[in-house]
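Student: Below: one structure in structure tokens.
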Amino acid sequence: MLLDILHDFAAFFQLTAISAVTWQMVVMWGVCGVLFYLGIRRKFEPLLLVPIAFGALLANLPTEGLITHRVLADGLVESGILTVHGTILDTGAFRIDHITGGLYDFISQGIKLEIFPPLIFLGVGALTDFGPLIANPRTLLLGAAAQVGVLATFLGAGLLGFTAQQSASIGIIGGADGPTAIFLTSKLAPELLGAVAVAAYTYMALVPLIQPPIMRALTTQKERKIRMRSLRPVSRLEKLLFALLVTVTVILLVPAAAPLIGMLMLGNFLRECGVTDRLLKASQNEIINVVTILLGTSVGITMAGENFLRAQTLLIIALGMVAFAFGTAGGVLTAKALNLFSPRNPINPLIGSAGVSAVPMAARVSQVEGQKADPANFLLMHAMGPNVAGVIGTAVIAGYYIATLSP
Amino acid sequence: MMLLAISLPEQPTLADNLQYQLTGLLVVLFTLGVLALLVALLGRVISAFEARRTPAHSPVVVPAPETIPGPVFAAVAAAVSTALGDHRFVIHSVQAVDPRLNLAWSAEGRRSIYATRQVR
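Quick mapping for you: the protein sequence lines, in order, are chains R and A. Here the first sequence stands for residues 27 to 433, where the numbers follow the working numbering. Here the second sequence stands for residues 52 to 171, where the numbers follow the working numbering.
So, in structure tokens, the structure goes:
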């Protein structure tokens, strides 16, 4: 009797998934632990890092019905394979009979079909006040100049042997814009999605540590004390027309940026028009929150150990730091250059660093650094101009890469 | 459509990459530069339009300043004084401040709101 029970228990044990655990999975549990620590304890972009870490944990467990792994010829493990079964009809049309796949095979279609990042942009637009940018349009140039980090990192990644598509995906980390980084990477180099997303969100949280030394090194005490003119009030009509102007201009010049810019400005238009309260609240809360959960876990689910534990992941994380540093420097130096042309209405160069996006963290860093030099100087609203301009700039450079590098 | 003409060779050299990146920088600067010009122009047009419309259509209506009642000032001042444990100060008079000075409060409020947004 006892032997039978033990025998049955041993038989049951063979049905468990314990024997399917690999060493890569165990190492990735440690990586997930670090991400949980950064997100929960250190509050590094927790809204994204926590779902990403949980998705990564799921990807590194021998799950059933959640994801469908497929080992590719080069040893890469691709997670999320939809298999469509159907019949080709006489007319040449294809009739879908049924589709097989795990839960995240379906959910992660939101990334593969490039749906989630633009939906996040809808919420971002609904949350963003472009008033400071409209009041001081010069700061758009700071948002453009901060893209130097993206471009410089592309060059560095190319020298290290990454393909052009991979280099663009790594470089975009310097844009400090998570949805744009995910959007571009899923389009050009989906195999790097997990590493790029983790690097982007981690560095965005580390902006208060990365930027200040660079800002201080590139400015004098006198420059840091510059007080900028108060921003003029911006009317609602102006904000509405701004949203339309950006939509039309950017899409005409860089059509590949249309999904991001279109949704960003749709969200902002809902915010400023004043007659769509329900839609605005949905964009600011329900939509962005639901999509953030699905986006985060879908990114995490790509971090299977076999795919993530590679030397190139460390290279990507190192290059991400380079991207942020160059972007910060580009913004600060451009602000100084602009002052040569308008000495009577100078820009405090500290707000140039906010051009790397990372809304609103980078703007707050400008404020804090400015107050260290002059406690009575308030740079926050001035810094919001280049900060939101950086969002547009990153979307434009992403559009440039997509238009020129898409297979 | 202009961008479709730009391409990078299969095995780009450093010079190819550099040229490609500089073109990208030019694209971003041009796009955002055009936007900056258009936004500046828009601001001027709207300002001129509103300045011309205001006297023509209706008399200037000065909105009543949003004043904080004097007793509230007194209560806040007393609370601050008590909280600081400093009883050297005596309130002699209460005056409403210029509403324009409230900008600092709005700025602080916005700062607090932005500080809670960490979505992206």
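Each residue gets a CB set at the ideal place from its N, CA and C atoms; glycine is no exception.
Check distances from the C-beta atoms of the stretch 343-376 of chain R to those of chain A and list, in chain order, the residues that come in under 7 angstroms.
Tutor: Taking 7 angstroms as the Cβ-Cβ cut-off against chain A, none of the residues of the stretch 343-376 of chain R qualify.
Student: For V397/R, decide whether its Cβ has a neighbour in chain A, counting only Cβ atoms nearer than 8 angstroms.
Tutor: As a position in the first sequence, residue 397/R is number 371, starting the count at 1. Sequence inspection shows Gln at residue 397/R; the Val mentioned does not correspond to that position. Closer than 8 angstroms: no.
Student: Which word fits E61/A, buried or exposed, when buried means at least 16 other C-beta atoms lie within 10 angstroms of its C-beta?
Tutor: Residue numbering aside, residue 61/A sits at position 10 when the second sequence is read from its first letter. It is exposed - the Cβ of E61/A has fewer than 16 other Cβ atoms within 10 Å.
Student: For the beta strand (DSSP E) containing V110/R, name the first residue and the last one.
Tutor: Taking the first sequence and counting its residues from 1, the one referred to as residue 110/R is at position 84. Per DSSP, V110/R belongs to the beta strand (DSSP E) from T109 to I114.
Student: Skipping 5 residues on each side, what residues in its chain have a beta carbon closer than 7 angstroms to that of L306/R?
Tutor: Sequence index remark: in the first sequence, residue 306/R carries index 280 (1-based). A152, L296 and R297.
Student: In angstroms, rounded to a whole number, what distance separates the CA positions of R242/R and A190/R?
Tutor: Here residue 242/R refers to the residue found at position 216 of the first sequence. Here residue 190/R refers to the residue found at position 164 of the first sequence. One C-alpha to the other measures close to 33 angstroms.
Student: Say whether chain R places a C-beta atom closer than 8 angstroms to the C-beta of G75/A.
Tutor: Position 24 of the second sequence, counting from 1, holds the residue named residue 75/A. So, interface residue.
Student: Under 8 angstroms Cβ-Cβ, which residues of chain A neighbour F268/R?
Tutor: Along the first sequence, read from residue 1 onward, the residue named residue 268/R stands at position 242. Here the neighbours are V90 and L93.
Student: Determine the chain A residues that contact I141/R at a beta-carbon separation under 9 angstroms, and present them in chain order.
Tutor: On the first sequence, residue 141/R is found 115 positions in, with the first residue counted as 1. Neighbours of I141/R on chain A: none; closest Cβ ~17 angstroms, over 9 angstroms.
Student: State the Cα-Cα distance for the pair L364/R and N162/R, rounded to the nearest angstrom.
Tutor: Taking the first sequence and counting its residues from 1, one reaches residue 364/R at position 338. Taking the first sequence and counting its residues from 1, one reaches residue 162/R at position 136. Answer to the nearest angstrom: the Cα atoms are 13 angstroms apart.
Student: Could you run through the stretch 253-281 of chain R and flag, in chain order, every residue whose CB is less than 9 angstroms away from some CB of chain A?
Tutor: So the close ones are S256, R258, V260, S261, L263, E264, L267, F268, L271, V272, T275, V276, L279, V280 and P281.
Student: Answer yes or no: does any C-beta atom of chain A fall closer than 8 angstroms to that of P144/R?
Tutor: Taking the first sequence and counting its residues from 1, one reaches residue 144/R at position 118. Taking Cβ atoms only, chain A never reaches closer than 8 angstroms to P144/R, which makes this a no.
Student: By a C-beta neighbour count over all protein chains shown, 10 Å radius and 16 as the cutoff for buried, is T109/R buried or exposed?
Tutor: Working through the first sequence from its first residue, we reach residue 109/R at position 83. It is exposed - the Cβ of T109/R has fewer than 16 other Cβ atoms within 10 Å.
Student: So with Cβ pairs under 8 angstroms, would you call A87/A a contact of chain R?
Tutor: The sequence position of residue 87/A within the second sequence is 36, counting from 1. Yes, because at least one Cβ of chain R sits closer than 8 angstroms to the Cβ of A87/A.
Student: For I125/R, which beta-bridge partners are listed by DSSP?
Tutor: On the first sequence, residue 125/R is found 99 positions in, with the first residue counted as 1. The partner list for I125/R (beta bridge, DSSP) reads V110/R.
Student: Does any CB atom of chain R fall closer than 8 angstroms to the CB of T82/A?
Tutor: Here the question's residue 82/A lines up with position 31 in the second sequence. Chain R, which has a Cβ nearer than 8 angstroms to the Cβ of T82/A, makes this yes.
Student: Check the DSSP bridge columns for G120/R and list the partner residues they point to.
Tutor: What you label residue 120/R is simply residue 94 of the first sequence in a count that begins at 1. Residue 120/R is actually Phe in this sequence, not Gly. Answer is I114/R, bridged to F120/R.
Student: Could you please give the first and the last residue of the uninterrupted alpha helix (DSSP H) stretch that includes V382/R?
Tutor: Counted from its first residue, the first sequence places residue 382/R at position 356. V382/R -> no alpha helix (DSSP H), and no H or E assigned at all.
Student: Beta-carbon within less than 8 angstroms of M52/A's beta-carbon, same chain only, minus the 5 sequence neighbours each way: which residues are those?
Tutor: Position 1 of the second sequence holds residue 52/A. Reliability fails at M52/A, whose pLDDT of 40 lies under 50, so the model's placement of it is uncertain and the value that follows must be treated cautiously. There are no such residues.
Student: Along chain A, in chain order, which residues have C-beta atoms closer than 8 angstroms to that of L181/R?
Tutor: As a first step, residue 181/R must be located in the first sequence, where it is residue number 155. Within chain A, the residues near L181/R are L65, N68, L69 and Q72.
Student: Quick check on the DSSP output: what are the complete alpha helix (DSSP H) runs of length 4 or more inside the stretch 184-218 of chain R, in order along the chain?
Tutor: You should have 190-197 and 204-214.
Student: From the DSSP output, in three-state form, read off R258/R for me.
Tutor: As a first step, residue 258/R must be located in the first sequence, where it is residue number 232. Coil at R258/R, not helix or strand.
Student: At what residues does the alpha helix (DSSP H) containing Y426/R begin and finish?
Tutor: Residue mapping note: residue 426/R aligns to position 400 of the first sequence, counting from 1. It spans L406 to L431 - the alpha helix (DSSP H) in which Y426/R sits, taken as one unbroken run.
Student: Against S58/A, what residues of chain R qualify as contacts under a CB-to-CB distance less than 7 angstroms, listed in chain order?
Tutor: Here residue 58/A corresponds to residue number 7 of the second sequence, with the count starting at 1. By Cβ distance, chain R contributes T430.
Student: Report the rounded CA-to-CA distance for L54/A versus F352/R, giving the unit in angstroms.
Tutor: In the second sequence, counting from the first residue as 1, residue 54/A sits at position 3. In the first sequence, counting from the first residue as 1, residue 352/R sits at position 326. Here L54/A scores only 45 on pLDDT, less than 50, and its place in the model should not be relied on; the value that follows carries that caveat. Spanning the two alpha carbons is a distance of roughly 25 angstroms.
Student: Within 8 angstroms (strictly less), CB to CB, does V78/A reach chain R?
Tutor: By one-based count along the second sequence, residue 78/A stands at place 27. At least one chain R Cβ lies under 8 angstroms of V78/A.
Student: Does the stretch 72-84 of chain R come within contact of the stretch 29-48 of chain R, defined as at least 3 CB pairs closer than 8 angstroms?
Tutor: No, because fewer than three Cβ pairs between the stretch 72-84 of chain R and the stretch 29-48 of chain R fall closer than 8 angstroms, the two stretches do not touch.
Student: Show which residues of chain A have a CB atom less than 8 angstroms away from the CB atom of V422/R.
Tutor: As a first step, residue 422/R must be located in the first sequence, where it is residue number 396. Within chain A, the residues near V422/R are V78, V79, T82 and L83.
Student: Would DSSP call G160/A helix, strand or coil?
Tutor: As a first step, residue 160/A must be located in the second sequence, where it is residue number 109. Three-state DSSP puts G160/A in a helix.
Student: Nearest CA to the CA of R95/A: which residue from G56/R, I160/R, D116/R and H111/R?
Tutor: In the second sequence, the residue the question calls residue 95/A occupies position 44. Comparing Cα positions, the closest option is I160/R.
Student: If we call anything under 8 angstroms between Cβ atoms a contact, is R104/A one with L406/R?
Tutor: The count along the second sequence starts at 1 and reaches residue 104/A at position 53. The count along the first sequence starts at 1 and reaches residue 406/R at position 380. Not in contact: R104/A and L406/R (Cβ atoms no closer than 8 angstroms).
Student: Where does S58/A sit, in a helix, a strand or coil, going by DSSP?
Tutor: As a first step, residue 58/A is located in the second sequence; it is residue number 7 there, counting from the start. DSSP places S58/A in coil when its eight states are reduced to three.
Student: Is there a Cβ of chain R sitting closer than 8 angstroms to that of R103/A, yes or no?
Tutor: Here residue 103/A is taken as the residue at index 52 of the second sequence, counted from 1. No, no contact with chain R.
Student: Straight-line CA distance for N68/A to V417/R?
Tutor: Here residue 68/A refers to the residue found at position 17 of the second sequence. Here residue 417/R refers to the residue found at position 391 of the first sequence. The straight-line gap from Cα to Cα measures roughly 24 angstroms.
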